[in-house]
Amino acid sequence: MTKVTSRIASDVATGLAAIPYLASLSARERADLAARCHVKLFSKRATVFTEGEPATGLWVVLAGSVRLVRMSARGREQVLHTESAGATLAEVPLFDGGGYVATAVAADEARLLFVPRQTLLALCRRHPSVALGVIAVLARRVRTFAALIEDLALRDVTARLARFILAEARRAGRDVVELTGTRDDVAARLGTVRELISRSLAQLRVAGAITVRGRRITVIDERRLIDLGARERA
Numbered sequence: 000m001t002k003v004t005s006r007i008a009s010d011v012a013t014g015l016a017a018i019p020y021l022a023s024l025s026a027r028e029r030a031d032l033a034a035r036c037h038v039k040l041f042s043k044r045a046t047v048f049t050e051g052e053p054a055t056g057l058w059v060v061l062a063g064s065v066r067l068v069r070m071s072a073r074g075r076e077q078v079l080h081t082e083s084a085g086a087t088l089a090e091v092p093l094f095d096g097g098g099y100v101a102t103a104v105a106a107d108e109a110r111l112l113f114v115p116r117q118t119l120l121a122l123c124r125r126h127p128s129v130a131l132g133v134i135a136v137l138a139r140r141v142r143t144f145a146a147l148i149e150d151l152a153l154r155d156v157t158a159r160l161a162r163f164i165l166a167e168a169r170r171a172g173r174d175v176v177e178l179t180g181t182r183d184d185v186a187a188r189l190g191t192v193r194e195l196i197s198r199s200l201a202q203l204r205v206a207g208a209i210t211v212r213g214r215r216i217t218v219i220d221e222r223r224l225i226d227l228g229a230r231e232r233a
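Numbering (numbering that gives the first Met the number 0), first residue to last: 0 to 233.
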């Protein structure tokens, strides 16, 4: 782990300014915070931290993206959420003193900043707006997890995949979705296995909702895809 020196502290402080709950700090305060932190580079698929491991601070994504996953005893993954530059990781153990809630894996090459627990807690005490900002992040995560639980409990794989494709298309602002990962990666996000993803893609194609060409999925009937995504388990 590389200590932040004065040479790179200003770049890190700029990255900290992109975090909503740190934006209210002065440039001097962000520079002081950066000087107390460490930067670490992670290659694609490298583990940042492991579920249950003692947590001694907060991680800030400066560049790249990181997946937060829970692992089964058999090695199956369930992706909880994916975070990119400007996001923070591991807020929960920051306050309850427990271990990491999930395993963090670099989805691509990533640069992260480690903020020691006591440093951030002291900042929260001095600046209530920072503490309220962290609470807002945790609240959004609770909503994300509630939606994930609803999908896993109430919808089959085909419905979950339909909703995933719709969300990705809307995020991209067009009717074409380019899958950046493998079908195994999609399966991990949707709580299933590759074979069922392939089967569900075929079902959506036969239903006339999409076309599939390699990693490119084109939505040809959005209304049909919405209806399929709303369908609950029998």
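The beta-carbon is built from N, C-alpha and C at its ideal position, and this holds for glycine as well.
How would you call residue i, buried or exposed, if buried means at least 16 neighbouring beta carbons within 10 angstroms?
i    : result
R284 : Shown here, the chain extends from 0 to 233; a query on residue 284 therefore has no answer.
V65  : buried
P92  : buried
E82  : buried
I18  : buried
R124 : exposed
A26  : exposed
Within the same chain, show all residues whose beta-carbon is closer than 8 Å to that of residue i, passing over the 5 residues directly before and after it, in chain order.
i    : result
I196 : V156, L160, R182, V185, A186, L189
G56  : A89, L93, F113, V114, P115, R116, T118, L119
G236 : The shown model of the chain, from 0 to 233, leaves out residue 236, and the question about it has no answer.
H126 : S23, L24
Could you check the C-alpha separation between residue i and residue j for me, to the nearest Å?
i    : j    : result
R44  : A86  : 18 Å
L153 : R232 : 6 Å
V38  : D150 : 36 Å
V68  : I219 : 32 Å
A30  : I216 : 44 Å
V175 : A84  : 24 Å
V192 : R140 : 24 Å
F144 : T118 : 28 Å
S58  : Y99  : It should be pointed out that residue 58 corresponds to Trp in this sequence rather than to Ser. When rounded, the distance between both Cα atoms is 11 Å.
A33  : G74  : 36 Å
G11  : V47  : Gly is not the amino acid found at residue 11; the sequence shown has Val there. Taking the straight line joining both Cα atoms gives about 18 Å.
L79  : S42  : 20 Å
A130 : E194 : 44 Å
G172 : D95  : 39 Å
A62  : V104 : 14 Å
A201 : L15  : 44 Å
R162 : I148 : 14 Å
C36  : L111 : 10 Å
I134 : R212 : 42 Å
G132 : A109 : 24 Å
V60  : L40  : 10 Å
I209 : L21  : 42 Å
P53  : R204 : 46 Å
A72  : G97  : 21 Å
DSSP on residue i, reduced to helix/strand/coil?
i    : result
A26  : helix
I216 : strand
E76  : strand
R154 : coil
E231 : coil
T191 : coil
Nearest chain D C-beta to residue i closer than 8 Å, yes or no?
i    : result
L137 : The structure shown contains no chain D; it holds only a single protein chain.
Quick one: what's got a C-beta closer than 7 Å to residue i's C-beta in the same chain, skipping five residues either side?
i    : result
S199 : V156, T157, L160
A206 : R223, L227
R214 : E177, L178
E76  : V68, M70, A187
R169 : none
I225 : L165
Considering only DSSP beta bridges, list what residue i is partnered with.
i    : result
S83  : S64
V114 : L57
I209 : V218
T179 : For T179, which the question treats as bridged, DSSP gives no partner whatsoever.
F48  : A103
G98  : P53
R69  : Q77
L88  : W58
Closer than 6 Å by C-beta to residue i: which residues in its own chain qualify, once you throw out the five before and the five after it? Chain order, please.
i    : result
L137 : E90
S23  : S128
T49  : T102
L122 : V129
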